[in-house]
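In the UniProt record's numbering, the protein residues as written are 1 to 245.
Just so it is clear, CB atoms sit at the ideal spot from N, CA and C, and this is done for glycine as well.
Here's the structure we're looking at; comments come further down.
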Amino acid sequence: MVAAALGVTAVAAATSVWTAQAGQTGGGSAGPGASARPAAPKAAPVSAVIAHASDRGEHAVNITIDDGPDPVWTPRVLQVLRDNGVKATFCMVGTQAEAHPDLVRQVVAAGHRLCDHTVSHDTTMDTKPPAYQSQQIVDAERQITKASGGVRPMYYRAPGGAFTPYSRKLAASHGMRPLGWNVDSKDFERPGTDAVVATVKGELANGPTILFHDAGGDRSQTVAALHTLLPWLTEQGYAFGFPVR
Ligand SMILES: [Zn+2]
């Protein structure tokens, strides 16, 4: 826990210079009073309950894109989102963000939101000690915020859904709402574009938050599925929102 506490302190010190940028771009979470305390850039706490709803109400979907950024696939996903006027939430792996800061900035500049998907995507982190969970979450928060130029991740999604009560509370205390999903497009398994499309259409009644991936292998089926699904969702009258905070 000492190491974790030191990590938080280091993040606070390192991020203080980004506070102004984060506020200007609108992606930061510096709330009222933050300007009076320039040495405390920490985001305002949010609910620790896993979010499933959309900020656009009942007839809306939240497009979420996990595991990137990736130099090949993230630009293609950004393009199909842009072509359809859709804003999404990108759950980024810390090491990927650190390696591709240009892509993180492109995501932010296009109006999408950032989500902390840990440093190294350990899907067994729910079995690990709190100090490890803290390092995975807080270090990724720092990596993503630095890569973005000061825009903080607004959500935390555990790899493979491996949340713990501790990790949810920790993320929430850093202003990152725990984020689940209702519809797994199964795009990661590459079952074919038609199957990805059919899965999303078939499970849409489960809830608004849909899981896709822009990294971890060839994501051409994901891009093709989005190319079909986004106009279809619009035709069905769905709004595209962000997960509630
Ligand atoms: Zn993931």
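Would you check whether ligand 1 has a heavy atom nearer than 7 angstroms to the C-beta of D66?
As a position in the sequence shown, residue 66 is number 66, starting the count at 1. Yes.
Using only the heavy atoms of ligand 1, determine whether one of them is closer than 7 angstroms to the beta carbon of H174.
Taking the sequence shown and counting its residues from 1, the one referred to as residue 174 is at position 174. It does not: the Cβ of H174 is nowhere closer than 7 angstroms to a heavy atom of ligand 1.
Could you check where the beta strand (DSSP E) with A110 kicks off and where it finishes?
Start at 1 with the first residue of the sequence shown, and residue 110 comes out as number 110. Taken as a continuous stretch (DSSP letters only), A110 belongs to no beta strand (DSSP E), as it is neither H nor E.
Whether R113 touches M154 by CB criterion (8 angstroms)
For the purposes of this step, residue 113 is taken as the residue at position 113 of the sequence shown. For the purposes of this step, residue 154 is taken as the residue at position 154 of the sequence shown. For the 8 angstroms CB-CB criterion, R113 and M154 form a contact.
beta-carbon H121 near ligand 1 non-hydrogen atom, thresh 7 angstroms:
If you number the sequence shown from 1, residue 121 lands on position 121. It does: the Cβ of H121 is within 7 angstroms (strictly closer) of some heavy atom of ligand 1.
For Q135, tell me which candidate among K146, D122 and A147 has the shortest Cα-Cα distance.
Here residue 135 refers to the residue found at position 135 when the sequence shown is read from its first residue. The residue with the shortest Cα to Cα distance from Q135 is D122.
Considering only residues of the stretch 149 to 180, which uninterrupted alpha helix (DSSP H) runs meet the minimum length of 4 residues and lie entirely inside it, listed in chain order?
Runs of the alpha helix (DSSP H) lying entirely within the stretch 149 to 180, each at least 4 residues long, are 165 to 173 in chain order.
Distance between beta carbons of F242 and D55, contact taken as under 8 angstroms
If you number the sequence shown from 1, residue 55 lands on position 55. If you number the sequence shown from 1, residue 242 lands on position 242. About 5 angstroms separates the CB atoms of D55 and F242; that is less than 8 angstroms, so the two are in contact.
Look up W232 in the DSSP assignment and say whether it is helix, strand or coil.
Here residue 232 refers to the residue found at position 232 of the sequence shown. Helix, per DSSP.
Suppose you measure from the CA of R219 to the CA of F90; what does that come to, to the nearest Å?
The residue given as residue 219 occupies position 219 in the sequence shown. The residue given as residue 90 occupies position 90 in the sequence shown. So the two alpha carbons sit approximately 15 angstroms from each other.
Should A174 be labelled buried (16 or more other beta-carbon atoms within 10 Å of its own) or exposed?
Sequence index remark: in the sequence shown, residue 174 carries index 174 (1-based). Just to set this straight, residue 174 is His in the shown sequence, not Ala. Under this definition H174 is a buried residue.
Pick helix, strand or coil for S29, following the three-state DSSP scheme.
Numbered from its first residue, the sequence shown carries residue 29 at position 29. At S29 the pLDDT is 42, less than 50, meaning the model places this residue with poor confidence; the figure from the coordinates comes in the next sentence. Of the three classes helix, strand and coil, the one that applies to S29 here is coil, per DSSP.
Quick one: grab the DSSP three-state call for H227.
In the sequence shown, the residue the question calls residue 227 occupies position 227. H227 carries a helical assignment under DSSP once its states are collapsed to helix, strand and coil.
For W232, which residues in the same chain have their Cβ closer than 6 angstroms to its Cβ, ignoring the five residues on either side in sequence?
Translated into positions along the sequence shown, residue 232 becomes position 232. Correct list: empty, nothing qualifies.
Supposed contact pair P208 and A60 - C-beta distance, whole angstroms, cut 8 angstroms
As a working mapping, residue 60 is identified with position 60 in the sequence shown. As a working mapping, residue 208 is identified with position 208 in the sequence shown. With a contact defined as Cβ atoms closer than 8 angstroms, A60 and P208 qualify at about 6 angstroms.
Classify R168 as buried or exposed, calling it buried when 16 or more other Cβ atoms lie within 10 Å of its own Cβ.
Within the sequence shown, residue 168 is the residue found at index 168, counting from 1. For R168, the number of other beta carbons within 10 angstroms of its own is at least 16, and it is reported as buried.
For F240, which residues does DSSP report across the bridge?
For the purposes of this step, residue 240 is taken as the residue at position 240 of the sequence shown. F240 is bridged by DSSP to V61.
Round the Cβ separation of D116 and M176 to the nearest angstrom and send it over; I've been treating them as touching at under 8 angstroms.
The residue labelled residue 116 in the question sits at position 116 within the sequence shown. The residue labelled residue 176 in the question sits at position 176 within the sequence shown. 5 angstroms between Cβ atoms; contact.
For V244 versus A53, is the C-beta spacing smaller than 8 angstroms?
Counting from one through the sequence shown, the residue named residue 244 turns up at place 244. Counting from one through the sequence shown, the residue named residue 53 turns up at place 53. It is a contact, given that the beta carbons lie within the stated cut-off.
Secondary structure, beta strand (DSSP E): runs of 3+ residues fully inside the stretch 70 to 107:
DSSP runs (the beta strand (DSSP E)) wholly in the stretch 70 to 107: 89 to 92.
State whether the stretch 72 to 88 contacts the stretch 156 to 165, with contact taken as three or more CB pairs (one from each stretch) at a distance under 8 angstroms.
Not touching, per the Cβ criterion.
Simplified DSSP assignment, three categories, for S220
What you label residue 220 is simply residue 220 of the sequence shown in a count that begins at 1. Correct three-state label for S220: helix.
Hey, T222 and D187 are a contact pair by Cβ (cut 8 angstroms); roughly how many whole angstroms apart?
In the sequence shown, counting from the first residue as 1, residue 222 sits at position 222. In the sequence shown, counting from the first residue as 1, residue 187 sits at position 187. Beta-carbon to beta-carbon, T222 and D187 are separated by about 4 angstroms, close enough to satisfy the 8 angstroms threshold.
Just the C-alpha distance for L229 and A171, rounded to the nearest angstrom, thanks.
Within the sequence shown, residue 229 is the residue found at index 229, counting from 1. Within the sequence shown, residue 171 is the residue found at index 171, counting from 1. Distance between the alpha carbons of L229 and A171 is about 31 angstroms.
Roughly how many angstroms lie between the CA atoms of S158 and P178, to the nearest whole one?
Taking the sequence shown and counting its residues from 1, one reaches residue 158 at position 158. Taking the sequence shown and counting its residues from 1, one reaches residue 178 at position 178. Sequence check: residue 158 is Ala here, not Ser. Roughly 8 angstroms separates the two Cα atoms.
A51 classed as buried or exposed, judged by whether at least 16 other C-beta atoms fall within 10 angstroms
One-based indexing of the sequence shown puts residue 51 at position 51. The residue is buried, with at least 16 neighbouring Cβ atoms inside 10 Å.
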